[in-house]
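Have a look at the structure below before the remarks.
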Amino acid sequence: MGMNDELTPREHDAMRERVLAGVHRIKPVGAHRMQLIAASIALVLVGGLAGGAIAAGALFGSAELPPVDSPTPMVSATPTASPTPTPTPTPTEEPVEPAIVLGGDCTALLSADAAMDILGPDAVAAAPGGSAFSGYSDLSASASLLGALRCGWSSPNADSRIEVGVYPIDSIAQSVREDFESPRCFLTRYCDMGRQIGEFWVATAVRPPTSMDLGEQHRIDAEAMATRTYEQIAPNLVGATAVGVPRESTWWTLPDCGVLTVAVESVTGGPLDPVYPGDAIPEGAEWDAIVSAGLNQWCPWNGTGTALLMVETFAQPGVGTPTADEVRDGTPIDIDGADSAWFIASQSFDNDFTIVAVSGPNRLLVRYRDETRSDFDVSNAAGLTEAVLAQLR
0 MGMNDELTPR
10 EHDAMRERVL
20 AGVHRIKPVG
30 AHRMQLIAAS
40 IALVLVGGLA
50 GGAIAAGALF
60 GSAELPPVDS
70 PTPMVSATPT
80 ASPTPTPTPT
90 PTEEPVEPAI
100 VLGGDCTALL
110 SADAAMDILG
120 PDAVAAAPGG
130 SAFSGYSDLS
140 ASASLLGALR
150 CGWSSPNADS
160 RIEVGVYPID
170 SIAQSVREDF
180 ESPRCFLTRY
190 CDMGRQIGEF
200 WVATAVRPPT
210 SMDLGEQHRI
220 DAEAMATRTY
230 EQIAPNLVGA
240 TAVGVPREST
250 WWTLPDCGVL
260 TVAVESVTGG
270 PLDPVYPGDA
280 IPEGAEWDAI
290 VSAGLNQWCP
300 WNGTGTALLM
310 VETFAQPGVG
320 TPTADEVRDG
330 TPIDIDGADS
340 AWFIASQSFD
350 NDFTIVAVSG
360 PNRLLVRYRD
370 ETRSDFDVSN
380 AAGLTEAVLA
390 QLR
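The opening position of the sequence shown corresponds to residue 0 in numbering that gives the first Met the number 0, with each subsequent residue numbered one higher.
Shown next as structure tokens:
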């Protein structure tokens with residue numbers, strides 16, 4: 000078999016160049032005989048590349064050589080192409096919908112008869128506190144992100160009330176659980192406490208039908224009502240489940256209120272104290288639970304002069320757009336940095352505006368009351384909202 004049987008034209012040329020280059024590097028060691036030998040070697044090798052018979056004739060004269068049978072070419076098997084694997088598509092993450100405790104059914108948590116047993120014969124279901132425009136942001140929207148159920152019942156004649164929040168136990172900070180192991184009473188006459196029932200942490204806010212005296216008897220009465228409530232709802236939570244929503248990258252990470260102070264002061268035009276001028280502040284077991292989960296933040300400021308200047312903001316990651324009922328008294332307004340926004344003028348005070356702004360899945364509530372300016376209007380509140388939105392990411 001000749002060498003050229005296994006060489007491609009490109010390989011044949013390359014081999015020829017290497018052979019000739021090697022011959023040129025041979026140094027002469029004696030007269031013309033060595034040159035003739037070197038040349039003969041070159042002819043043999045190059046001839047071997049082009050055809051063995053031609054090279055042999057050049058070296059040994061014109062004597063005929065026996066014919067050389069050409070070998071039968073070997074046929075290489077054509078490799079079978081491996082099938083190209085089909086790429087596995089990356090699964091698309093579907094948004095997780097929260098699964099609220101007991102499907103969000105408050106009657107499954109506490110029946111009407113059980114509510115009357117605790118509050119009296121006139122007990123009726125009532126929305127839990129914390130509605131969007133009662134001074135606090137929408138606690139129920141934040142709680143639902145944890146899979147929590149919030150319910151309320153009241154006795155109009157006795158002026159008493161029970162509110163219950165049922166949260167997955169692993170969504171509640173240990174510090175919050177410890178803070179409300181015993182009743183804590185507030186100026187609102189509510190006494191809050193929390194207790195673990197199975198896989199849930201159940202917060203109660205109880206306002207017993209007693210006088211305005213917030214002494215020891217008031218606390219005792221509130222704890223007794225809370226205990227009866229726990230006894231009634233515990234059997235109804237057996238086997239109950241809840242699923243919260245995983246935190247998403249588009250949700251705001253809430254900064255310290257001090258970060259917002261510069262933005263607020265740039266609009267109000269002067270230094271502010273980081274306090275609220277009154278006692279109607281968000282507080283209690285459920286508020287602390289939601290704040291500790293990073294789902295709500297309240298920041299208050301108060302002017303230092305004699306005339307009232309008050310600002311408060313509530314930032315809520317993940318809750319999205321309010322319901323139509325929540326903004327039924329609002330007027331749409333354009334706010335830089337917001338996808339939608341509404342302003343609500345106070346029915347009780349002049350120079351008092353609330354603006355609700357939605358940015359992606361996040362919601363901001365800003366209340367701005369300023370009695371130091373005669374030209375105060377909604378544009379001032381809009382500018383303040385824009386300044387705060389610019390700090391939230």
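Ideal placement from N, C-alpha and C gives every residue a C-beta, glycine not left out.
With distances taken between CB atoms, is the gap from residue i to residue j smaller than 9 Å?
i, j, result
"L388", "I343", "no"
"A337", "V357", "yes"
"L144", "L253", "no"
"P208", "A157", "yes"
"S139", "P127", "yes"
"A284", "V175", "yes"
"T260", "P281", "no"
"V123", "S154", "yes"
"D369", "T267", "yes"
"G184", "R227", "The identity of residue 184 in the sequence shown is Cys, whereas the question assumes Gly. Cβ distance not < 9 Å, so C184 and R227 don't count as in contact."
My output table needs one value for residue i: the three-state DSSP class, helix, strand or coil.
i, result
"P234", "helix"
"T229", "Looking at the sequence itself, residue 229 is Tyr, so the reference to Thr does not match. Helix."
"W152", "strand"
"Q390", "coil"
"L308", "strand"
"A76", "The predicted model places A76 with a pLDDT of 48, which falls under 50 and marks its position as unreliable; any figure quoted below should be read in that light. The answer is coil: DSSP assigns A76 none of H, G, I, E or B."
"W286", "helix"
"A380", "helix"
"V201", "strand"
"R246", "coil"
"D220", "helix"
"V123", "strand"
"G302", "strand"
"D116", "helix"
"A111", "helix"
"D292", "One point to set straight first is that residue 292 is Ala, not Asp, in the sequence displayed. Reduced to three states, the DSSP call for A292 is coil."
"L259", "helix"
"L101", "helix"
Select from the options the residue whose C-alpha is nearest the C-alpha of residue i.
i, options, result
"T203", "A225, H217, A140, T209", "A225"
"I232", "I280, G164, E282, Y275", "G164"
"P331", "D349, T353, I289, E215", "T353"
"Y229", "D137, I161, G146", "I161"
"R149", "W286, L383, A122", "W286"
"D191", "T371, P273, E180", "E180"
"V95", "G103, E247, S154, A111", "E247"
"W200", "Q216, D220, D169", "D169"
"A292", "A381, R206, A147, P321", "A147"
"G102", "L236, P182, P360, R327", "L236"
"A386", "V263, Q195, L213, G151", "V263"
"R366", "G359, T384, R372", "T384"
"P167", "F375, L109, I99, E222", "I99"
"S373", "L213, L109, L308", "L308"
"A221", "V242, V290, R188", "R188"
"L364", "S136, D324, T249, P245", "S136"
"Q346", "D328, N361, A340, Q216", "D328"
"W250", "D104, T240, T305, N295", "N295"
"S435", "G382, T240, D324, T305", "Here the chain covers residues 0 to 392 and nothing more, so residue 435 does not appear."
Is it buried or exposed, residue i, if we count other Cβ atoms within 10 angstroms and call 16 or more buried?
i, result
"L186", "exposed"
"A172", "exposed"
"F348", "exposed"
"E177", "exposed"
"T106", "exposed"
"A279", "exposed"
"G238", "exposed"
Threshold first: 3 residues or longer. Then list the beta strand (DSSP E) segments lying entirely within the segment 305-378, N to C. Qualifying beta strand (DSSP E) stretches, in chain order: 308-315, 339-344, 351-358, 361-369.
Which residue spans inside the segment 133-198 form an unbroken alpha helix (DSSP H) run of at least 4? 138-143, 173-178, all fully within the segment 133-198.
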